[in-house]
Each structure stands twice: as C-alpha cells, then as structure tokens.
Amino acid sequence: MLSTNQAADGVRAGRVVACFREKFGSEPELWARAPGRVDLMGSHTDYNLGFVLTLPISRDTWIAARRRDDGVVRMHSMNLDADDEFRLDRIDPVAESRWCNYVRGVAAILQNEGLALTGCDAVIHSTVPVESGLSSSAALECALATVFEALGGWSVTAERKALLCQKAENEFVGMKCGILDQYSSCLGRAGCALLLDCRDLSTRAVHIADGIRVVICNTMSQRRLTGGEYLQRRSQCEQGAALLGVSALRELTPEALAARRHELPELVAKRCEFIVAESARAEALAAALEAGDRVAVAGLCAESFAGARDLYEICSPAMSDMMDAMLAAPGVIGARQAGAGFGGCMVALVDAASTDAFRAAVLDTYYAATQVRAEVYPVEAAEGAEVFQ
Ligand code: ADP
Ligand code: MG
C-alpha cells in the first residue's frame, strides 16, 4: 500500500504530467527536485561567515522536463501560472518578470562555467511557499541546475552546484544572498539537520533526538522591505567588522566583542552582538537537539527571538503575535523567527506526540489575535537536490 506521502506525491505528479501535456503536447522524460529549508538557529549569520543550524525540508520544488535539440528553453511555473522562453545562445535578464531571472540566471551561470546545456521544455511545481522565508528561490535554482546537469550528461559536486546557484542569484537576479539557502537545498540528507560553518563551508549532520518535531508556522504576512533592510543589516555588520579590524564577525567570540563593544556606534554594536551570539547559539542548539535537552532548546530559542527583536530588529507585529501563539500551544519546546525575518515563516520545536494539538492551538490563537489564517507545516528533514523517478 502507498504511504500517505507516496499517495500525495502520486497525485502531485499526475497534476504536473497533465500540465506538461497541456503546455507542450508531450510527456516529461526527466524529473528533478530540490528542497526548501528552515533555519533552526542562525539568523543572518551566513554572510557573517558564522554557523547556521539548517534543516532542508520535506517541502520541495519539482521540475519535470523533456530535452529539445534546438537550444530553446521553455518553462512553465504552475505556482505562478506563468511562462518563459529563451535561447541558450542569448540569455538576457527580463526586467518586468522577476521569476524568469532565477531560471535564466542558473542557465547563464552554468554556461559561463563551460558546462554544456541542452534546451528543454519544463514544468515547475513547488510546495515551498513563495516569498515566505523557506527559500523557494534556492529550491527553484537547485532543481533547475539538476535538470541541466542530467540533460547535459555532466556532473558537479553538491557544493559546487550550491555555489553556482548562489552566484546566479547574486549576479543575475541581483539578490546579494549568503550561501545558506543553496547549500541547504543541495547538501540535504534525509533525516538530519545540518550544522553549516559558513567560513569553510563544512557541514556536520545533526540527528534531532527522537520525540522532537520541527513545525513551521507561517504568519502569512508580507515580508516588507526585505531587500533594503537585508542590505542595511549586511552593511552594518561589515562596518562593525571593519571598525574592530576583523575580516568578518565570525572572528569574534562573544567575550571578545563584549570587551570592545564601546568602540562601536550603538546601533552597529547591537547588530554585532546579535550575530556573534546567534552563531554561538547555532552550535549550542545542535548539541541540545542531539541530546534531546529540551530546557536548553527552550532557552536558546527564546534568546534568539529576543535578540532578533531587540538587537537585530527584524521582527514585525505579526511575528510577535505568532510567537505568543506558538509559546501558548501544547507541546511547544522552543520557538523563534526563521528566514530573514520581517514576517513570513517562524519555526517551533514541538513534542512530536503533540503536533496535531500544537497545530490546532496555533491556528486558533493566531486567528483570534490577528484575524489572519496562518498555515502550519510539520516537516521532516529531506534529501538535497536530486533526479528522481
Ligand atoms: P523565498 O526564497 O524566501 O521564498 P525570495 O524572494 O528569495 O523568497 O524568492 C522568491 C522568488 O523566487 C519568487 O518571487 C519567484 O520569482 C521565484 N520562485 C520561487 N519559486 C518559484 C516557482 N515555483 N515558480 C516560479 N518562480 C518561483
Ligand atoms: Mg530566497
């Protein structure tokens, strides 16, 4: 018998095939997928070369494709109900349609690396909520790179694929993101979180103790001003590192920063204090989750949220309401922000047996406070980008 997931995957695949037939009048011959991710600890630490504890999640982007021999790429996104078409020998950015640049950017960057690309027809379908902080953009990029890899008959390491996809987002889309999203999407291993060291890009698999479940809670509020605020935080961190004479905030321990805090303007000091502590918390949370130390998990998550709210200032009123709802729900162990902040998704660690009760309570409490229907996604740790049958 099919498991619930296999049954749901079958239905999903059927919808994608039907869409492919309607759009292109043929059957797909190749399927690739790549997961979204949630950061369990380590907000904004990646571009400061610190630690992040990240979980590649069981919500992913699928691309069903069929090769073409004329160097043309035709794409349809089921999520956006939008199409794109371009030639591989001339890849230009599109000003009016942002999503096309994620696709074109991956193609352009792979090709610039000397990797041979083949044209294709493709349908994109994602269960990663878009623009909600779970990295639908990296899931799209990494799934697409995997399609081109399989069609082209070459192979790159997961690490290199992640770096190339990051380059596509940095250079072609113009979003100066760190490495977290693409690394999570490419290097995921079913069943474990990853402790990523963004300085040397090494990862350690972290097995979350039995009985603890990761549950994502979507505030359903627009992430406002994310681009501008994100770049501002980045430059404040760079300013702090420069004033303290280090190459990145990663080079500072919490003690070393505390001793020299007075050398920094107050706002910059607050930003630096958060990052340095948050990176240390990522390592600490990995240990606490492996050991199943629920008291430590609760404390680390609470410190992280307080820092995000008071020091890094990336919280919104909707996030505070969701934090209250999560902390009041049965089975909660710890809860905090996720992604870049400013709305979008948050994350809770929950007693696995209480997942359903937790979910129901969060939905009720959040609705009572905001009149907004939240979405709650219990997730598993998923495998990274791959071709699948
Ligand atoms: P996040 O990565 O947190 O979801 P971003 O703003 O970084 O948010 O990336 C979201 C963008 O990625 C979307 O606005 C869209 O352009 C593109 N994108 C992601 N998933 C898809 C999809 N399934 N189909 C088309 N475009 C997508
Ligand atoms: Mg993104």
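According to our numbering, numbering within the sequence shown proceeds without interruption in unit steps and concludes at 1361. Glycine is no exception: its CB is placed at the ideal position from the N, C-alpha and C atoms.
Assigned exposure category for residue i - 16 Cβ within 10 Å defines buried
| i | result |
| --- | --- |
| H1016 | buried |
| D1011 | buried |
| M973 | Legend: pLDDT at M973 = 41, less than 50; position of this residue unreliable, value from coordinates given subsequently. Label assigned to M973: exposed. |
| P1289 | exposed |
| A1182 | It is Asp, not Ala, that sits at residue 1182 in the sequence shown. Under this definition D1182 is an exposed residue. |
| N1084 | exposed |
| R1243 | buried |
| G1279 | buried |
| R1059 | exposed |
| T1225 | exposed |
| T1129 | exposed |
| S1157 | buried |
| R987 | exposed |
| V983 | exposed |
| D1056 | buried |
| R1205 | buried |
| G1077 | buried |
| S1098 | buried |
| R1253 | buried |
| R993 | exposed |
| G1014 | buried |
| E1141 | buried |
Closest by C-alpha distance to residue i, when choosing among the options
| i | options | result |
| --- | --- | --- |
| L1159 | Y1349, Q1361, E1355 | E1355 |
| G1306 | L1021, L1272, A1117, A1036 | L1272 |
| A1357 | R1070, C1137, N1084 | C1137 |
| Y1338 | N1190, L1167, N1073 | N1190 |
| D1041 | H1048, D1061, D1282 | D1061 |
| M1298 | M1318, A1310, P1101, L1283 | M1318 |
| A990 | A1006, R1031, G1014, A1094 | A1094 |
| V1218 | L1021, E1001, A979, M1291 | L1021 |
| F1023 | V1100, R1031, F1246 | F1246 |
| S925 | V1044, R987, G986, M1291 | The chain is shown from 973 up to 1361; residue 925 falls before or after that span and cannot be answered. |
| T1342 | L1216, E1262, S1104, D1293 | D1293 |
| Q1208 | L1173, V1240, C1287 | V1240 |
| F1314 | L1335, E1141, S1109, G1105 | G1105 |
| M1295 | L1123, Q1309, D1282 | Q1309 |
| V1348 | L1257, D1336, R1331, V1359 | R1331 |
| A1006 | I1063, V1075, E1113, G1014 | E1113 |
| E1223 | G1199, P1237, S1251, E1238 | S1251 |
| L1167 | L1215, A1134, A1258 | A1258 |
| A1100 | A1134, D1169, D1064, V1351 | According to the sequence provided, residue 1100 is Val. The question's Ala does not apply to it. Among A1134, D1169, D1064, V1351, the Cα nearest to that of V1100 belongs to V1351. |
| S1109 | Y1155, R1132, D1018 | Y1155 |
Residues that DSSP places opposite residue i in a beta bridge
| i | result |
| --- | --- |
| M1047 | D1056, A1094 |
| L1229 | DSSP, once it has assigned bridges, lists no residue as partnering L1229. |
| Q1309 | M1318 |
| R1185 | V1322 |
| M1013 | L1025 |
| W1126 | According to DSSP, W1126 bridges with nothing at all. |
| Y1359 | Rather than Tyr, the amino acid found at residue 1359 in this sequence is Val. In DSSP, V1359 forms a bridge with A1004. |
| I1247 | In DSSP, I1247 forms no bridge with anything. |
| N1190 | C1317, E1347 |
| G1039 | Residue identity differs from the one stated: residue 1039 is Arg in this sequence, not Gly. Answer by DSSP bridge pairing, in chain order: C1092. |
| A1165 | V1178 |
Cβ separation of residue i and residue j, assumed to be a contact under 8 Å, to the nearest whole Å
| i | j | result |
| --- | --- | --- |
| S1326 | P1302 | 5 Å |
| I1081 | F1144 | 7 Å |
| L1221 | G1212 | 6 Å |
| A1111 | T1026 | Going by Cβ atoms, the distance from A1111 to T1026 rounds to 13 Å, so no, they are not a contact pair. |
| A1115 | A1249 | Wrong, their Cβ atoms sit about 34 Å apart, outside the cutoff. |
| Y1088 | W1126 | It is worth fixing the name first, because residue 1088 is Ala in this sequence and not Tyr. Right, the Cβ-Cβ distance comes to about 7 Å (below 8 Å), so this counts as a contact. |
| T1090 | R1039 | 5 Å |
| D1032 | S1107 | Actually they are not in contact, since the Cβ atoms of D1032 and S1107 sit about 11 Å apart, beyond 8 Å. |
| A1324 | L1335 | So it is not a contact: roughly 19 Å between Cβ atoms. |
| I1096 | I1035 | 5 Å |
Interface flag, residue i vs chain B, CB-CB below 8 Å
| i | result |
| --- | --- |
| A1067 | Protein chains in the displayed structure number just one, and chain B is not present. |
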